[in-house]
Ligand SMILES: Cc1cc2nc3c(=O)[nH]c(=O)nc-3n(C[C@H](O)[C@H](O)[C@H](O)COP(=O)(O)O)c2cc1C
Ligand code: SF4
Ligand code: FES
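Chains as they are written, first to last, in my numbering: chain A, 92 to 523; chain B, 118 to 272.
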């Protein structure tokens, strides 16, 4: 526990094997907090925002929105307190990168938060860590205490007027609290039910104040961009999707784990060269490329560069970079059972289409898996999924519809075979 | 009173960290549950008093979040992750094995009150599957034998 280090490292994770890197002294020994010092003592907030904009950094929480642009939405002149939220709710099945960033590099995250706070004028950051991440939250809390002790948080940071503090908040088990406005509700001590937008968080966020929400990994890129410049960052990855990212590889591979690689690295390269391919000489059947909400790709489409501009052409997305690999024995109806159960369980229930749709999809695929499906069921599934898209308060309903649509797009035959044979024809598949 | 003075003090301290005291409600419920093992209706009423809320408002929050328990359980709560990446690597086989070893079904508590067994959605350990959470601690890269040994060592 807590000793998880990526198999391939880069600028984000190169020191993660060194336990000392998690401490203030060890982080400083590697030059830590020098970039924040230079930024706070030598740059204007507008210059920082311009630099991050110019780098092309896109949020790593799933939606891929421009980070610099998001920061620029924070009102510059206001008497109201402004806040940042660090989204460490990480609950997207297949994703575990934020956890490792918290456990192995908490000071890198704090440095990124400091720079973001300086740029946006935020006086406080709420770091919302999912409740199950007790150990990662402890690691962050310890680092925050060290930073506060050393004057890196609090008043007059680096001898300037800049002040900032970080409050570590623990969630209590609800996937929907990762959605940024569900998170804000939870932060305020309420049920984590997403808010209608507008107003957006930059106007009306945490406790009604202007707020910027960013993912853990997004913050972690920031010190490197400010240290080495936007041109350096843009020289990595693709033209439209610059920088490294952390790919989490799980499922049927020889070396599951975390891989820090440039955006645009090909999916088949990640699976076969880095993660060692499928064990026992088996073939791949399908791969979910970006966490469970993202549509699956069949074995014939793994030659895709892992960046949204390419993945979109194949009707899927990078999401959180969680790559789930399934071997040739896998029953895709069972996959649909697991996926729809999850979304049914985690729907917050505010919108009828989502609450009813997730339950409906789950009941249908479970019936098909048990051999009781009818041929009309597939049309009903697609109809329900289609009605959930774009019709609700938050994107959860879309995230629940997409994987089902993807499974039917590429593996319709698996569903039809169940209906035809009135049983599951994949006896060697993973157990349900 | 079911909530101790010590926990009340910690709840007051937690309130001071937020722009509005209610921000500390989740923290308060975590503290109460740590002390009592679960959050009974009396505790909800006392928490409601501490936050100037109605008991039903506290109850809504308790029931919204998976980690808060209204019912008492075993001394240890054990959860096997059964989401897709873990299931692909044998999580459900592991869960069945633990059920038969403990002689209970998922969702039940051993008769000696030692362990409540459950399953959970993705816990962020997908590459280290199968895995289980025992109270605050993750146990990863499990096989059934090692998982059983871990459970057998629980008090
Ligand atoms: C259902 C749902 C769940 C989400 N879960 C997370 C999450 O666990 N972590 C996260 O950073 N973003 C999550 N997001 C995205 C956030 O709403 C938000 O876009 C993100 O935190 C912004 O940070 P970024 O711009 O740095 O990516 C989720 C979105 C949806 C719709
Ligand atoms: S789409 Fe689903 S999760 Fe999102 S607000 Fe509506 S009911 Fe809740
Ligand atoms: S699926 Fe089990 S930890 Fe992610």
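Using N, Cα and C, we set each Cβ at its ideal position, and we do this for glycine too. These numbers were taken from a predicted model, which means no experiment stands behind them.
Contact annotation: in the segment 239 to 256 of chain B, residues whose CB is within less than 9 Å of a CB in chain A are 239, 240, 241, 242, 243, 244, 245, 246, 250, 252, 253, 254, 255, 256. Pairing residue 216 of chain B with residue 235 of chain B, the inter-Cα distance amounts to about 10 Å.
For residue 126 of chain A, DSSP records no beta bridge to any residue. At least one heavy atom of ligand 1 lies closer than 7 Å to the C-beta of residue 485 of chain A.
Interface flag for residue 147 of chain B against chain A is set, since a Cβ pair is found closer than 8 Å. About 6 Å separates the beta carbons of residue 302 of chain A and residue 176 of chain A, which is inside the 8 Å limit, making them a contact pair. Residue 178 of chain B belongs to the set of residues whose beta carbon lies under 8 Å from a beta carbon in chain A. Relative to the non-hydrogen atoms of ligand 2, the Cβ of residue 500 of chain A never comes closer than 7 Å to any of them. About 15 Å separates the Cβ atoms of residue 456 of chain A and residue 204 of chain B, ruling out a contact at the 8 Å cut-off. A distance filter of 5 Å between CB atoms and the heavy atoms of ligand 3 selects the following residues in sequence order: B/198, B/200, B/202, B/203, B/239, B/240, B/242, B/243. At a C-beta separation below 8 Å, residue 181 of chain A has these neighbours in chain B: 241.
The three-state reading of DSSP puts residue 265 of chain A in coil, since its state is none of H, G, I, E or B. For the C-beta of residue 367 of chain A, not a single chain B residue is nearer than 8 Å; the gap to the nearest is close to 12 Å. The C-beta of residue 251 of chain A has fewer than 16 other C-beta atoms within 10 Å across all chains shown, which makes the residue exposed. Listed along the chain, the chain A residues whose CB falls inside 9 Å of the CB of residue 142 of chain B are 279, 280, 281.
Contact between the segment 223 to 238 of chain A and the segment 141 to 149 of chain A is absent: fewer than three C-beta pairs spanning the two stretches fall below 8 Å. Residue 497 of chain A sits away from residue 185 of chain A, with the two beta carbons spaced by 8 Å or more. An exposed status is given to residue 137 of chain B, since fewer than 16 other beta-carbon atoms sit within 10 Å of its beta-carbon.
In its chain, beyond the 5 residues on either side, 254 have a beta carbon closer than 8 Å to the beta carbon of residue 246 of chain A. Taking 8 Å as the CB threshold, residue 137 of chain B lines the interface with chain A. Within the segment 315 to 370 of chain A, complete beta strand (DSSP E) segments of at least 3 residues are found at 335 to 342, 348 to 353, given in chain order. In this structure, the C-beta of residue 285 of chain A approaches ligand 2 to less than 7 Å from one of its heavy atoms. One alpha carbon belongs to residue 426 of chain A, the other to residue 381 of chain A, and they sit about 15 Å apart. Shortest gap from the CB of residue 151 of chain A to any heavy atom of ligand 1: under 7 Å. Within chain B, the residues 143, 144, 147 have their CB atoms less than 8 Å from the CB of residue 261 of chain A, given in chain order.
Its Cα nearest to that of residue 184 of chain B, the residue B/146 stands out among B/131, B/146, B/227.
Judged by DSSP secondary structure, residue 306 of chain A falls within the beta strand (DSSP E) whose first and last residues are 302 to 306. Secondary structure note for residue 256 of chain B: its beta strand (DSSP E) is the uninterrupted segment 254 to 256.
Contact check for residue 398 of chain A and residue 355 of chain A: beta-carbon distance about 5 Å, within the 8 Å limit, so the pair qualifies. Short note on residue 154 of chain A: C-beta not closer than 7 Å to any heavy atom of ligand 2. Nearest to residue 378 of chain A by alpha-carbon distance, out of A/371, A/372, A/390, is A/390. Counting only unbroken stretches of 4 or more residues, the alpha helix (DSSP H) elements lying wholly within the segment 161 to 249 of chain A are 188 to 195, 197 to 211, 225 to 240, in sequence order. Between ligand 1 and residue 276 of chain A, a heavy atom-to-CB distance of less than 7 Å is absent. DSSP assignment within the segment 177 to 248 of chain B yields the following whole beta strand (DSSP E) runs of 3 residues or more, N-terminal first: 193 to 198, 232 to 237.
Shown here, residue 120 of chain B sits in coil according to DSSP, grouped into three states, outside any helix or strand. Here the alpha carbons of residue 191 of chain B and residue 231 of chain B stand approximately 5 Å from one another.
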